[in-house]
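Engineer:
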Amino acid sequence: MRITWYGGAVALVMATLTACGNGLGDCAEPVGAYVADAWPEGAGGTVMVARGGEVAYCQGFGMADVAGGVRAGCDTVYDVMSITKQFTAAAVMKLETMGRLRVTDPIGRYLGAVPADKRPITLHQLLTHTSGLVEALGDDYDPLSRADMLAGALASELRSPPGAEFHYSNVGYSLLAAIIEKVSGLGYERFLATYLFEPAGMTRTGYVLPDWPETQVAVEYDGRGASKGRPYDHPWAPDGPYWNLRGNGGMLSTARDLLRWHRALSGDTVLSAAARRELFTPYVRMPDSDDSYGYGWVISDDGRIVSHDGGDTWSLADYARSPDGGVMVFWISNHAYQEDRWNMEDLDLTRALTCRARSATLGTASTSSAPSTPAGRASTEQ
248 MRITWYGGAV
258 ALVMATLTAC
268 GNGLGDCAEP
278 VGAYVADAWP
288 EGAGGTVMVA
298 RGGEVAYCQG
308 FGMADVAGGV
318 RAGCDTVYDV
328 MSITKQFTAA
338 AVMKLETMGR
348 LRVTDPIGRY
358 LGAVPADKRP
368 ITLHQLLTHT
378 SGLVEALGDD
388 YDPLSRADML
398 AGALASELRS
408 PPGAEFHYSN
418 VGYSLLAAII
428 EKVSGLGYER
438 FLATYLFEPA
448 GMTRTGYVLP
458 DWPETQVAVE
468 YDGRGASKGR
478 PYDHPWAPDG
488 PYWNLRGNGG
498 MLSTARDLLR
508 WHRALSGDTV
518 LSAAARRELF
528 TPYVRMPDSD
538 DSYGYGWVIS
548 DDGRIVSHDG
558 GDTWSLADYA
568 RSPDGGVMVF
578 WISNHAYQED
588 RWNMEDLDLT
598 RALTCRARSA
608 TLGTASTSSA
618 PSTPAGRAST
628 EQ
């Protein structure tokens, strides 16, 4: 899924997060009280806040599936959209650690004959959105094969010379997914499941491999409240989304699995300290921003917060964490827009939640599980 590079977390996590001014309110206020007041009435979704690797707050709001009567909770499976990019970046780091590739390699080493204008493009440039490649080759759900994606990407007109400028590119991350497959000899999802998700204890993250009950997967809703179905109700290949989306978006996951991922990235479970430093290095300043881009992560607050957002026409999400494992914030809505009522992009949830996660008072933790959360604005369970 895609939104403009400056949306969600990229725009929200720009100010110094230790400061609780700028309209963030009292950061000593319990998270539950803040979210209960800030979350729009009727919007579906889940909010999780963790500190020190432990859940401080997790709550579902509204409905994961209106027609089925399923309420959102901490185990609801959502499309996390462009948050997928940091999984792709981690997979590249894993392959580098295994000695299978180097981020300084040109793409032609893995893709064969490459047009002259694209021969200088390196994996580093794909990871940092500095390759000059276009943002997309079509709609997320267009039935595009890997071969056609590669052909389209290599035939496209560059937006800038490789390495010259930051241009957010979903195509670049799909190329990385194709390179992961070429180098590893495994499908993109299978490599992530084997080398990242399984070691991290993540059993509810993937495209098609996890055995989710259908009722656990959230339905998305448009601005009029009409159902747009579950992600796999759109055109999908047998092994996941087609290649306009693969590697750059479309991954399904839960709040609890993203907490497991946060814990894994706080130590050596899936990546070495050296590989993690590569992920979180601020390589390129993003235009009109105080933030920088690492490998699949936006780097903010002098490196104290790393994040990535995701969004489409119906849903919105943000995932922010401190590299030292101190705090993690994840929120997602499967009904982020309602005409004349709410627009989740107008809220400052990430900064406000991170500020409260860092405060001395978090309040009583809430850890609801679907489908126990009441419909509408959920009350906090003790």
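Using this note's numbering, read the sequence shown as starting at 248 and increasing by one per residue. C-beta atoms are modelled at their ideal positions from N, C-alpha and C, and glycine is treated no differently. On a predicted model such as this, the values are computed, not experimentally measured, just so you know.
1. Could you please give me the residues that DSSP links to histidine 582 through a beta bridge?
2. From proline 287 to proline 488, what does the alpha carbon distance come to, in whole angstroms?
3. Is methionine 328 helix, strand or coil by DSSP?
4. Please report how far the alpha carbon of aspartate 387 lies from the alpha carbon of threonine 344, in whole angstroms.
5. Using a 10 Å radius around the Cβ and a threshold of 16 neighbouring Cβ atoms, would you call alanine 567 buried or exposed?
6. Pair every Cβ in the stretch 346-361 with every Cβ in the stretch 418-434, then say whether three or more of these pairs are closer than 8 angstroms.
7. Can you give me the Cβ contacts of alanine 607 inside the same chain, cut-off strictly under 6 angstroms, excluding the 5 residues immediately before and after it?
8. Check whether the Cβ atoms of leucine 197 and arginine 347 sit closer than 9 angstroms, and answer yes or no.
9. Of the residues Ser421, Trp483, Ser569, Pro482, which one's Cα is nearest the Cα of arginine 523?
10. Can you pull the DSSP bridge partners for serine 500?
11. In the DSSP assignment, what residue or residues form a beta bridge with glutamine 306?
12. Please name the residue or residues paired with phenylalanine 577 in a DSSP beta bridge.
13. Does DSSP put asparagine 417 in a helix, a strand or coil?
14. Measure the alpha-carbon distance for glycine 316 versus glycine 514 and round it to whole angstroms.
15. Report back the beta-carbon spacing between isoleucine 579 and alanine 564 to the nearest angstrom; my notes put them in contact at under 8 angstroms.
16. Report the partner residues of alanine 484 according to the DSSP bridge assignment.
17. Given a cut-off of 9 angstroms on the beta-carbon distance, is the pair phenylalanine 527 and glycine 557 in contact?
18. Report the rounded CA-to-CA distance for alanine 311 versus alanine 583, giving the unit in angstroms.
19. Please state whether the Cβ-Cβ distance between proline 446 and valine 339 is less than 9 angstroms.
20. In whole angstroms, give me the CA-to-CA distance for arginine 507 and threonine 450.
21. Within 10 angstroms of the Cβ of glycine 472, are there 16 or more other Cβ atoms? Answer buried if so, exposed if not.
22. Does the Cβ of glycine 448 have 16 or more other Cβ atoms within 10 Å, making it buried, or fewer, making it exposed?
23. Using the DSSP secondary-structure output, state which residues sit across from histidine 555 in a beta bridge.
24. By the 10 Å Cβ neighbour count, where 16 or more other Cβ atoms means buried, how is glycine 268 classified, buried or exposed?
25. Rounded C-beta distance between valine 574 and threonine 601? I'm assuming under 8 angstroms.
26. Have a look at alanine 521 and glutamate 412 and give me their C-alpha separation to the nearest angstrom.
27. With H, G and I counted as helix, E and B as strand and the rest as coil, what does DSSP make of serine 547?
28. State the start and end residues of the unbroken beta strand (DSSP E) segment that holds glycine 315.
29. In or out: serine 500 buried (at least 16 other Cβ within 10 Å) or exposed?
30. For glycine 268, which three-state DSSP category applies?
31. Taking the C-alpha atoms as reference points, what is the distance between aspartate 395 and tryptophan 483?
32. Start and end of the alpha helix (DSSP H) containing glycine 399?
Structural biologist: Well, looking at it:
1. The residue you call residue 582 lines up with position 335 of the sequence shown. Looking at the DSSP assignment, histidine 582 forms no beta bridge with any residue, so it has no partner.
2. If you number the sequence shown from 1, residue 287 lands on position 40. If you number the sequence shown from 1, residue 488 lands on position 241. Answer to the nearest angstrom: the Cα atoms are 30 angstroms apart.
3. Taking the sequence shown and counting its residues from 1, the one referred to as residue 328 is at position 81. Reduced to three states, the DSSP call for methionine 328 is helix.
4. Indexing the sequence shown from 1 puts residue 387 at position 140. Indexing the sequence shown from 1 puts residue 344 at position 97. Roughly 31 angstroms between the two C-alpha positions.
5. Here residue 567 is taken as the residue at index 320 of the sequence shown, counted from 1. Buried, because 16 or more other Cβ atoms sit within 10 Å of the Cβ of alanine 567.
6. yes
7. Working through the sequence shown from its first residue, we reach residue 607 at position 360. A caution first: alanine 607 carries a pLDDT of 47, below 50, which makes its placement in the model unreliable, though a value can still be read off. If we look at alanine 607 and ignore the five residues flanking it on each side, it has no Cβ neighbours.
8. Look at the range of the chain in this structure, 248 to 629, and you will see that residue 197 is not part of it.
9. To locate residue 523, count along the sequence shown from 1; it is residue 276. It is Ser569 whose Cα lies nearest to the Cα of arginine 523.
10. If you number the sequence shown from 1, residue 500 lands on position 253. In the DSSP output, where bridge partners are listed per residue, serine 500 has Tyr325.
11. By one-based count along the sequence shown, residue 306 stands at place 59. DSSP lists Val294 as partners of glutamine 306.
12. Counted from its first residue, the sequence shown places residue 577 at position 330. Paired residues: Met295, Tyr566.
13. Within the sequence shown, the letter at position 170 stands for residue 417. Here asparagine 417 sits in helix by DSSP.
14. As a first step, residue 316 must be located in the sequence shown, where it is residue number 69. As a first step, residue 514 must be located in the sequence shown, where it is residue number 267. Looking at the two C-alpha atoms, the distance is approximately 39 angstroms.
15. Taking the first residue of the sequence shown as 1, we reach residue 579 at position 332. Taking the first residue of the sequence shown as 1, we reach residue 564 at position 317. Confirmed, Cβ separation roughly 4 angstroms.
16. Position 237 of the sequence shown, counting from 1, holds the residue named residue 484. According to DSSP, which records beta bridges pairwise, alanine 484 is partnered with Gly487.
17. Counting from one through the sequence shown, the residue named residue 527 turns up at place 280. Counting from one through the sequence shown, the residue named residue 557 turns up at place 310. No, they are not a contact pair.
18. As a working note, residue 311 is residue 64 in the sequence shown. As a working note, residue 583 is residue 336 in the sequence shown. Cα to Cα, alanine 311 sits roughly 12 angstroms from alanine 583.
19. For the purposes of this step, residue 446 is taken as residue 199 along the sequence shown, with counting starting at 1. For the purposes of this step, residue 339 is taken as residue 92 along the sequence shown, with counting starting at 1. No; because the gap between Cβ atoms is not below 9 angstroms, this pair is not in contact.
20. Within the sequence shown, the letter at position 260 stands for residue 507. Within the sequence shown, the letter at position 203 stands for residue 450. When rounded, the distance between both Cα atoms is 10 angstroms.
21. Sequence index remark: in the sequence shown, residue 472 carries index 225 (1-based). With fewer than 16 other Cβ atoms within 10 Å, it is exposed.
22. Taking the sequence shown and counting its residues from 1, one reaches residue 448 at position 201. With fewer than 16 Cβ atoms within 10 Å of its Cβ, glycine 448 is classed as exposed.
23. For this step, residue 555 is matched to residue 308 along the sequence shown. Histidine 555 is bridged to Tyr566.
24. Taking the sequence shown and counting its residues from 1, one reaches residue 268 at position 21. Confidence is the limiting factor: at glycine 268 the pLDDT is only 41, short of 50, which leaves the residue's position unreliable and the question unanswerable from this model.
25. In the sequence shown, residue 574 corresponds to position 327, counting from 1. In the sequence shown, residue 601 corresponds to position 354, counting from 1. Valine 574 to threonine 601, Cβ: 6 angstroms. Contact.
26. By 1-based counting over the sequence shown, the position of residue 521 is 274. By 1-based counting over the sequence shown, the position of residue 412 is 165. Answer to the nearest angstrom: the Cα atoms are 26 angstroms apart.
27. Translated into the one-based positions of the sequence shown, residue 547 becomes position 300. Here serine 547 sits in strand by DSSP.
28. For the purposes of this step, residue 315 is taken as residue 68 along the sequence shown, with counting starting at 1. Neither: glycine 315 is in no beta strand (DSSP E) and is coded neither H nor E.
29. Reading the sequence shown from its first residue, position 253 is the one you call residue 500. When all chains shown are included, serine 500 counts as buried.
30. To locate residue 268, count along the sequence shown from 1; it is residue 21. Low confidence applies to glycine 268: its pLDDT is 41, below 50, so where it sits in the model is not reliable, and the reading given next is rough at best. Three-state result, glycine 268: coil.
31. For the purposes of this step, residue 395 is taken as residue 148 along the sequence shown, with counting starting at 1. For the purposes of this step, residue 483 is taken as residue 236 along the sequence shown, with counting starting at 1. If you take the alpha carbons of aspartate 395 and tryptophan 483, they lie about 15 angstroms apart.
32. Here residue 399 refers to the residue found at position 152 of the sequence shown. Start and end: 393-402.
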